[in-house]
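Novice: Numbering (this note's numbering), first residue to last: 5 to 290. Glycine residues also receive a C-beta, built at the ideal position from the N, C-alpha and C atoms. This structure is a prediction, so every number in the text was calculated from the model and none was measured.
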């Protein structure tokens with residue numbers, strides 16, 4: 005699949021540089037002390053748990069960033085189902101390079117595959133509805149690019165990437181500012197003054213706030229921690245005048261019922277903060 009726009013070469017280069025520096029610093033001494041410099045070997049990525057595989061493209065980038073002479077033969081693509089015993093790819097080249105990058109590759113792929121698998125499972129609950137599944141900013145610091153990428157690989161839709169690419173006025177913004185009406189007006193003035201192209205979303209906690217947000221003419225209204233009955237009323241009030249988003253304490257079992265209210269989106273932090281790492285292993289090819 006095509007990389008999301010935020011997965012740039014610059015971002016990946018910085019991420020990989022920082023991750024390798026964290027792990028290796030002045031040298032992988034276990035490898036340097038026991039493995040001859042000119043020894044070439046192969047290793048296979050072994051799937052040990054059924055999953056939606058993610059991080060295959062990233063793994064190749066990590067290998068080649070560390071050692072451009074490493075060769076990777078891929079057998080399973082990002083987003084494809086993988087079962088126990090499958091070999092996702094074989095990497096061949098310097099044994100030292102393979103060993104020094106092994107853990108970073110596995111850490112990324114295990115986490116990303118877990119997120120992609122969970123996202124795929126949740127998204128399947130929305131088949132037949134018009135509601136889309138969104139992630140959130142509840143991500144691991146300095147690992148957001150991989151976690152958001154994994155959501156996309158799993159079939160989910162990415163919400164805003166950070167604080168810079170959308171204006172989202174949450175409960176604290178509203179409480180600090182004083183009102184939805186005033187906060188939205190100030191946000192629109194800010195956008196105009198600074199010549200930004202930013203959509204405005206407002207978090208609402210009750211139907212009175214929904215009504216105020218509708219009058220303020222925003223791009224999306226978040227229905228936060230509302231029960232299904234209240235959500236249905238809110239969606240009816242919005243009546244297509246803007247997008248709607250259900251959020252707050254969303255679980256897998258609630259997805260179909262929430263989608264039945266007609267909301268445009270359902271956002272769930274669980275996709276990134278509660279996914280189980282998948283069991284993957286990099287094994288020497290003997």
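Which same chain residues, not among the five before or five after residue 267, have their C-beta less than 8 Å away from its C-beta?
Specialist: 135, 227, 235, 239, 248, 249, 250.
Novice: So residue 49 packs on residue 93, CB below 8 Å; how close in whole Å?
Specialist: Right, their Cβ atoms sit about 5 Å apart.
Novice: Considering residue 172, what are the terminal residues of the beta strand (DSSP E) in which it resides?
Specialist: Note, residue 172: beta strand (DSSP E), 171-173.
Novice: Grouping DSSP H, G and I as helix and E and B as strand, with all else coil, what is residue 190?
Specialist: Of the three classes helix, strand and coil, the one that applies to residue 190 here is helix, per DSSP.
Novice: Where residue 139 and residue 162 are concerned, what is the direct C-alpha to C-alpha distance, given to the nearest angstrom?
Specialist: Computed Cα separation, rounded: 6 Å.
Novice: Taking a contact to mean a Cβ-Cβ separation below 9 Å, would you say residue 74 touches residue 68 in this structure?
Specialist: Yes, Cβ-Cβ distance for residue 74 and residue 68 is below 9 Å.
Novice: To the nearest angstrom, how far is the alpha carbon of residue 61 from that of residue 187?
Specialist: Residue 61 and residue 187: Cα-Cα distance of roughly 42 Å.
Novice: Say yes only if the C-beta of residue 166 is nearer than 8 Å to one or more non-hydrogen atoms of the ligand SAH, and no if none qualify.
Specialist: The ligand SAH is absent from the structure shown, which contains no ligand whatsoever.
Novice: Which whole-angstrom value is the C-beta distance of residue 119 and residue 151, which I expect to be below 8 Å?
Specialist: Yes, residue 119 and residue 151 are in contact; Cβ-Cβ is about 6 Å, under 8 Å.
Novice: Please report the straight-line C-alpha distance between residue 70 and residue 213, rounded to a whole angstrom.
Specialist: Roughly 52 Å separates the two Cα atoms.
Novice: Looking at residue 23: is its Cβ nearer than 9 Å to the Cβ of residue 57?
Specialist: No, the Cβ-Cβ distance between residue 23 and residue 57 is not below 9 Å.
Novice: Identify, in the order they occur along the chain, each residue of the same chain with its Cβ nearer than 8 Å to the Cβ of residue 218, setting aside the five sequence neighbours on each side.
Specialist: Only 225, 241, 242, 245, 246 meet the Cβ criterion.
Novice: Contact defined as beta carbons within less than 8 Å: I believe residue 157 pairs with residue 103. What is the distance between those atoms, to the nearest angstrom?
Specialist: With 8 Å as the limit, residue 157 and residue 103 do not qualify as a contact, their Cβ atoms being about 27 Å apart.
Novice: Kindly indicate the opening and closing residues of the beta strand (DSSP E) around residue 234.
Specialist: Unbroken run through residue 234 is the alpha helix (DSSP H), 232-242; no beta strand (DSSP E).
Novice: Just to confirm, are residue 165 and residue 148 a CB contact at a threshold of 9 Å?
Specialist: Closer than 9 Å, so yes.
Novice: Which full runs of the beta strand (DSSP E) of 3+ residues lie inside the segment 23-109, going along the chain?
Specialist: Entirely contained in the segment 23-109, the beta strand (DSSP E) runs reaching 3 residues are, in chain order, 44-51, 75-78, 91-98.
Novice: Look at the Cβ atom of residue 45, then the Cβ atom of residue 96, and state whether they are nearer than 9 Å.
Specialist: Yes; because the gap between Cβ atoms is below 9 Å, this pair is in contact.
Novice: Alpha carbon to alpha carbon, what distance is there between residue 233 and residue 107?
Specialist: Roughly 48 Å separates the two Cα atoms.
Novice: Confirm, please, whether the CB-CB distance from residue 275 to residue 153 is below 9 Å.
Specialist: No; because the gap between Cβ atoms is not below 9 Å, this pair is not in contact.
Novice: Apply the 10 Å Cβ neighbour rule to residue 191 and answer buried if 16 or more other Cβ atoms are within range, or exposed otherwise.
Specialist: So residue 191 ends up on the buried side.
Novice: Assuming residue 155 and residue 123 make a contact with CB atoms under 8 Å, what is their CB distance in whole Å?
Specialist: So it is a contact: roughly 5 Å between Cβ atoms.
Novice: Consult DSSP for residue 113 and reduce its assignment to one of helix, strand or coil.
Specialist: Three-state DSSP puts residue 113 in a helix.
Novice: State buried or exposed for residue 32, treating a residue as buried only when at least 16 other CB atoms are found within 10 Å of its CB.
Specialist: The residue is buried, with at least 16 neighbouring Cβ atoms inside 10 Å.
Novice: Taking buried to mean at least 16 other C-beta atoms within 10 Å of its own C-beta, is residue 160 buried or exposed?
Specialist: By the 10 Å Cβ count, residue 160 comes out buried.
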